[in-house]
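Chains as they are written, first to last, in this note's numbering: chain A, 85 to 369; chain B, 85 to 369; chain C, 85 to 369; chain D, 85 to 369.
In this text, a Cβ means the ideal position worked out from N, Cα and C, and glycines have one as well.
Number of protein chains: 4
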Amino acid sequence: MDKTFTLTVSCKDQCGLIAAITNCIASKGGNILNMAQHTAIDISMFFCKVDFEPNQSSTKFSEEDFKNTFEETAKKYNMTWKLFHRARKQKMAVLVSKTSHCLYEVLLKHQGGQLDCEIPVIISNHPNLCGVATEFHIPFFQVDTGKGKVAVEADIQRILDQYEIDLVCLARYMQILSSDFTNKWENKIINIHHGFLPAFKGAKPYHQAWNKGVKIIGATAHFANEELDQGPIIYQDVIKISDTNSIEEFVQMGQDVEREVLVEGLKRYFNHNIFLYNGRTFIIE
Amino acid sequence: MDKTFTLTVSCKDQCGLIAAITNCIASKGGNILNMAQHTAIDISMFFCKVDFEPNQSSTKFSEEDFKNTFEETAKKYNMTWKLFHRARKQKMAVLVSKTSHCLYEVLLKHQGGQLDCEIPVIISNHPNLCGVATEFHIPFFQVDTGKGKVAVEADIQRILDQYEIDLVCLARYMQILSSDFTNKWENKIINIHHGFLPAFKGAKPYHQAWNKGVKIIGATAHFANEELDQGPIIYQDVIKISDTNSIEEFVQMGQDVEREVLVEGLKRYFNHNIFLYNGRTFIIE
Amino acid sequence: MDKTFTLTVSCKDQCGLIAAITNCIASKGGNILNMAQHTAIDISMFFCKVDFEPNQSSTKFSEEDFKNTFEETAKKYNMTWKLFHRARKQKMAVLVSKTSHCLYEVLLKHQGGQLDCEIPVIISNHPNLCGVATEFHIPFFQVDTGKGKVAVEADIQRILDQYEIDLVCLARYMQILSSDFTNKWENKIINIHHGFLPAFKGAKPYHQAWNKGVKIIGATAHFANEELDQGPIIYQDVIKISDTNSIEEFVQMGQDVEREVLVEGLKRYFNHNIFLYNGRTFIIE
Amino acid sequence: MDKTFTLTVSCKDQCGLIAAITNCIASKGGNILNMAQHTAIDISMFFCKVDFEPNQSSTKFSEEDFKNTFEETAKKYNMTWKLFHRARKQKMAVLVSKTSHCLYEVLLKHQGGQLDCEIPVIISNHPNLCGVATEFHIPFFQVDTGKGKVAVEADIQRILDQYEIDLVCLARYMQILSSDFTNKWENKIINIHHGFLPAFKGAKPYHQAWNKGVKIIGATAHFANEELDQGPIIYQDVIKISDTNSIEEFVQMGQDVEREVLVEGLKRYFNHNIFLYNGRTFIIE
Numbered sequence: 085m086d087k088t089f090t091l092t093v094s095c096k097d098q099c100g101l102i103a104a105i106t107n108c109i110a111s112k113g114g115n116i117l118n119m120a121q122h123t124a125i126d127i128s129m130f131f132c133k134v135d136f137e138p139n140q141s142s143t144k145f146s147e148e149d150f151k152n153t154f155e156e157t158a159k160k161y162n163m164t165w166k167l168f169h170r171a172r173k174q175k176m177a178v179l180v181s182k183t184s185h186c187l188y189e190v191l192l193k194h195q196g197g198q199l200d201c202e203i204p205v206i207i208s209n210h211p212n213l214c215g216v217a218t219e220f221h222i223p224f225f226q227v228d229t230g231k232g233k234v235a236v237e238a239d240i241q242r243i244l245d246q247y248e249i250d251l252v253c254l255a256r257y258m259q260i261l262s263s264d265f266t267n268k269w270e271n272k273i274i275n276i277h278h279g280f281l282p283a284f285k286g287a288k289p290y291h292q293a294w295n296k297g298v299k300i301i302g303a304t305a306h307f308a309n310e311e312l313d314q315g316p317i318i319y320q321d322v323i324k325i326s327d328t329n330s331i332e333e334f335v336q337m338g339q340d341v342e343r344e345v346l347v348e349g350l351k352r353y354f355n356h357n358i359f360l361y362n363g364r365t366f367i368i369e
Numbered sequence: 085m086d087k088t089f090t091l092t093v094s095c096k097d098q099c100g101l102i103a104a105i106t107n108c109i110a111s112k113g114g115n116i117l118n119m120a121q122h123t124a125i126d127i128s129m130f131f132c133k134v135d136f137e138p139n140q141s142s143t144k145f146s147e148e149d150f151k152n153t154f155e156e157t158a159k160k161y162n163m164t165w166k167l168f169h170r171a172r173k174q175k176m177a178v179l180v181s182k183t184s185h186c187l188y189e190v191l192l193k194h195q196g197g198q199l200d201c202e203i204p205v206i207i208s209n210h211p212n213l214c215g216v217a218t219e220f221h222i223p224f225f226q227v228d229t230g231k232g233k234v235a236v237e238a239d240i241q242r243i244l245d246q247y248e249i250d251l252v253c254l255a256r257y258m259q260i261l262s263s264d265f266t267n268k269w270e271n272k273i274i275n276i277h278h279g280f281l282p283a284f285k286g287a288k289p290y291h292q293a294w295n296k297g298v299k300i301i302g303a304t305a306h307f308a309n310e311e312l313d314q315g316p317i318i319y320q321d322v323i324k325i326s327d328t329n330s331i332e333e334f335v336q337m338g339q340d341v342e343r344e345v346l347v348e349g350l351k352r353y354f355n356h357n358i359f360l361y362n363g364r365t366f367i368i369e
Numbered sequence: 085m086d087k088t089f090t091l092t093v094s095c096k097d098q099c100g101l102i103a104a105i106t107n108c109i110a111s112k113g114g115n116i117l118n119m120a121q122h123t124a125i126d127i128s129m130f131f132c133k134v135d136f137e138p139n140q141s142s143t144k145f146s147e148e149d150f151k152n153t154f155e156e157t158a159k160k161y162n163m164t165w166k167l168f169h170r171a172r173k174q175k176m177a178v179l180v181s182k183t184s185h186c187l188y189e190v191l192l193k194h195q196g197g198q199l200d201c202e203i204p205v206i207i208s209n210h211p212n213l214c215g216v217a218t219e220f221h222i223p224f225f226q227v228d229t230g231k232g233k234v235a236v237e238a239d240i241q242r243i244l245d246q247y248e249i250d251l252v253c254l255a256r257y258m259q260i261l262s263s264d265f266t267n268k269w270e271n272k273i274i275n276i277h278h279g280f281l282p283a284f285k286g287a288k289p290y291h292q293a294w295n296k297g298v299k300i301i302g303a304t305a306h307f308a309n310e311e312l313d314q315g316p317i318i319y320q321d322v323i324k325i326s327d328t329n330s331i332e333e334f335v336q337m338g339q340d341v342e343r344e345v346l347v348e349g350l351k352r353y354f355n356h357n358i359f360l361y362n363g364r365t366f367i368i369e
Numbered sequence: 085m086d087k088t089f090t091l092t093v094s095c096k097d098q099c100g101l102i103a104a105i106t107n108c109i110a111s112k113g114g115n116i117l118n119m120a121q122h123t124a125i126d127i128s129m130f131f132c133k134v135d136f137e138p139n140q141s142s143t144k145f146s147e148e149d150f151k152n153t154f155e156e157t158a159k160k161y162n163m164t165w166k167l168f169h170r171a172r173k174q175k176m177a178v179l180v181s182k183t184s185h186c187l188y189e190v191l192l193k194h195q196g197g198q199l200d201c202e203i204p205v206i207i208s209n210h211p212n213l214c215g216v217a218t219e220f221h222i223p224f225f226q227v228d229t230g231k232g233k234v235a236v237e238a239d240i241q242r243i244l245d246q247y248e249i250d251l252v253c254l255a256r257y258m259q260i261l262s263s264d265f266t267n268k269w270e271n272k273i274i275n276i277h278h279g280f281l282p283a284f285k286g287a288k289p290y291h292q293a294w295n296k297g298v299k300i301i302g303a304t305a306h307f308a309n310e311e312l313d314q315g316p317i318i319y320q321d322v323i324k325i326s327d328t329n330s331i332e333e334f335v336q337m338g339q340d341v342e343r344e345v346l347v348e349g350l351k352r353y354f355n356h357n358i359f360l361y362n363g364r365t366f367i368i369e
């Protein structure tokens, strides 16, 4: 991926968008590797993700030059766009509390090369998972919740700044963040909720599900915003349960879905598949 | 199934329940074919379903006699119980409107021997599906919604009485029933809702799902009661959708889940797998 | 879809393929609606499907002219390509024997607008499903297997010619076709096999599966060729089964998978998603 | 589970089996907690698993006495049976090579209380996973494959003896065991095969799957016997793959299925759900 660039584009649907984009890339000596494109006909919106690399022979490819040229095309069609040089890895902080299953999964998948980012720091409001961080040779910071939310979030912010963090992953972090914090990190915090949103918001979703007698439970990876469990949904999965399962078994079975859903959500983020429009996501793969 | 009896029992969990039940059956010359039993530890409730048939040599088996004997056991343990002679098929009326996919599925699965009931009548507020009823040689009645809900429901009741109906199946019947009607038919109306309850109640669940950007859609078979889409859930299933699917595609894809979920719900009803307790179901298979 | 064209292209992977294709379409006044592209890195092959329609203002679009122009691009890159005018529906014959579930599914999905083809004729070696054909107003022909395979296949060929058939669908047609016939209709016969190929070839796959004690059963839609159950796989799906299921239940449960898999295979065919290379398919959606 | 006993029974189907079993348990002061029973009608075999605990007031329950009494019932009906005192944990050795995903999963699920056994030792033919063993405080032994299969298996046997191992788990152990070894440990070695058996036996199943163009890949937990990848199947699961996935992605995606399937297979073993008959398993839950 070292030489690869990813370009994401969204705008109102119009004629000639794909030709305009691909011509611009070709004119600058870019070779398209993959292209994913979708027009959401219900709202006439066009979403496009292009992976390209500079042509081998074209030694003169300049990121700055490309951006300037593409901006002209973008203006003409009123496009929202971003360019990512894949060699520059994004940096993710993982926030945890006491349960380990999501943290282990994030670290193991990262170790296996399936999460295209760096993980320079783990932050927790409890000491329990310090050993896991150590196993994977990642610095671990414990924040002192006794100091109150404002002070704790200031501490967290300081650590995030220090490590130049791009994305915050809430891997079963059991504290509600202030709206000051979520606004500052808008669309840059991914949370795993252990319920099939929008069905079971808030606390103890497995208890809610059991009491309602639903036959399927799930988990949801979503951007955290100031309304609890209401941010844009990134990924979801479910499992069928039986009425012979206890609430405790729901909790155990649910952990496998939670960890899978969180990692799939993170993969899509670092792979630039997530487009946001009108308060919801469009995942274009 | 002609000679088979099904006994369903529920009560507070206590020692010796299974031995008490099986001894009673054995003492009357019954041979147990299958036994499904579960103790819901979260509420200490015992649920049990036993299929048995009179021993070949025991010519003297009497349903009445068994009931009298079992009632003594039931009293001792404060059991709620029912006995079904499987040779007596239950009778189901199917209520429809204009869309055919659920009706076809019910009729085809019934034809294939997978729904253990009779279907003596189909009722609709539109003429569109009369041809389907005719293909399967089932009487079709159209009710006139112009007459108002009270008159229509009186008409429906008359037809249900005439055919001695045990269960009403709402196979995408697009009218809201009065609480008078749902109370009269309490736990005897099964509805298919085209949403993953409790998430998307009410009208246009696929539109709701699309607007929310969920990544999974589903359907729910449930008993209809006076609160719309709130009755006890019997069966649910889901499919993953892609953000490249339009609302119209949600509708098409959802139809396959709806028909499957409805039939699976009906199967469990006629197979006596459904136990109701505290406003939710326990499916014991 | 009336004005839409679909272009499919495959070739060895090279630089500039997408730009070449999209420029050719743009130069002839085509507006791209959707583009699906994949490079199979394990074999360095490029597969691409483009849906486009003539620009509204460009009254002069000519299919013949486009083909001539594209042929030059194709030669340069050694492309294999096809152009389909979606207004010209393909014609499918359905061959059946006695079981109805696949036939019903094909006809219902076609009725619901999910199969982009015409179904002018149904052919069977048994009379049983004539009534179903009649319900859907489609001519039904019974061939006389007593005459021997050569004569029967000649009869079938005559009917296929008469109705100008493009694709033959074997919807649980329980006769093995001669290699003469399958060669003549190479990659133009889609069969549904009631097993998860390549695991359970040949007869009675559900019995094979039960005897082996597998925990999952499935079905496979594939092109029929002269080697029984060996043709390129188009679509597959499975369901988990329990060891408490009997072989008869396998058969019933399997029918739902068979009909789904067959229809999904047909959808991909008529939607031009299927690319063939080196004896296997690549489905590009 | 400390006081719980599990009784497993299999025999030819006959009248009165359940009453005979439950009466014997009741007569000895046992209180049935759960009962799972199935009659495989295709072969007229009865399988039953009963969890019971001595009645609180019955201080005199003796395992030996129960066994003697039950043996009389067993003889009468020609039953095969076993009794397990759940307080006596079984001991599992895990054999690994270089890949960590299955080992991590086994250790994490064991840590989470989902595998009802002890894991006193990990054995490997490579040093790579020693660190993982250390994290979980389990002794790690590396065997020297340079010495040849006979010597290595003798070393392994010695370690298994030393730790009084009941079950050997091959968690991606990349050596073929001799038939001497598999015969000695008949139905006491559980292997994870990274293919959906019986479809893709032997080496490189993901490559086989890709070359065949199948649309679903899977994994199989099975007892190892002298025929490679032919032993009785315990658990299987699959995932749908896309033709846009590379072989390398098959390998990555497959790892999640492998680890899940292995743990589910082990759970069923330690929970005594596995019945063996005629070369296949029946899982009774």
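Beta-ladder partner(s) of residue i, from DSSP
i, result
"cysteine 132 (chain B)", "B:Val93, B:Gln121"
"glutamate 137 (chain C)", "C:Asn115"
"alanine 305 (chain D)", "D:Ile276, D:Tyr319"
DSSP state of residue i mapped onto helix, strand, coil
i, result
"leucine 261 (chain C)", "coil"
"valine 322 (chain D)", "strand"
"threonine 328 (chain C)", "coil"
"leucine 360 (chain A)", "strand"
"isoleucine 127 (chain A)", "coil"
"phenylalanine 366 (chain D)", "strand"
"phenylalanine 284 (chain A)", "coil"
"asparagine 209 (chain C)", "coil"
Buried versus exposed, by CB contacts within 10 Å (16 or more), residue i
i, result
"threonine 106 (chain B)", "buried"
"glutamate 311 (chain D)", "exposed"
"valine 234 (chain D)", "exposed"
"serine 263 (chain A)", "exposed"
"methionine 258 (chain B)", "exposed"
"histidine 221 (chain A)", "exposed"
"glutamate 248 (chain B)", "exposed"
"aspartate 149 (chain D)", "exposed"
"lysine 166 (chain D)", "exposed"
Selected residue, minimal CA-CA separation from residue i, among the options
i, options, result
"leucine 40 (chain D)", "D:Glu219, D:His169, D:Lys182", "Residue coverage of chain D in this structure runs from 85 to 369, which leaves residue 40 (chain D) outside it and unanswerable."
"tyrosine 353 (chain B)", "B:Ile243, B:Tyr361, B:Ile367", "B:Ile367"
"threonine 153 (chain C)", "C:Asp126, C:Gly114, C:Leu254, C:Met119", "C:Gly114"
Exercise. Which runs of the alpha helix (DSSP H) fall wholly inside the segment 143-205 of chain D and span at least 4 residues, in chain order?
Worked result: 147-161, 185-195
Problem set entry | Length-filtered (4 minimum) alpha helix (DSSP H) runs lying within the segment 211-266 of chain B | 214-219, 233-246
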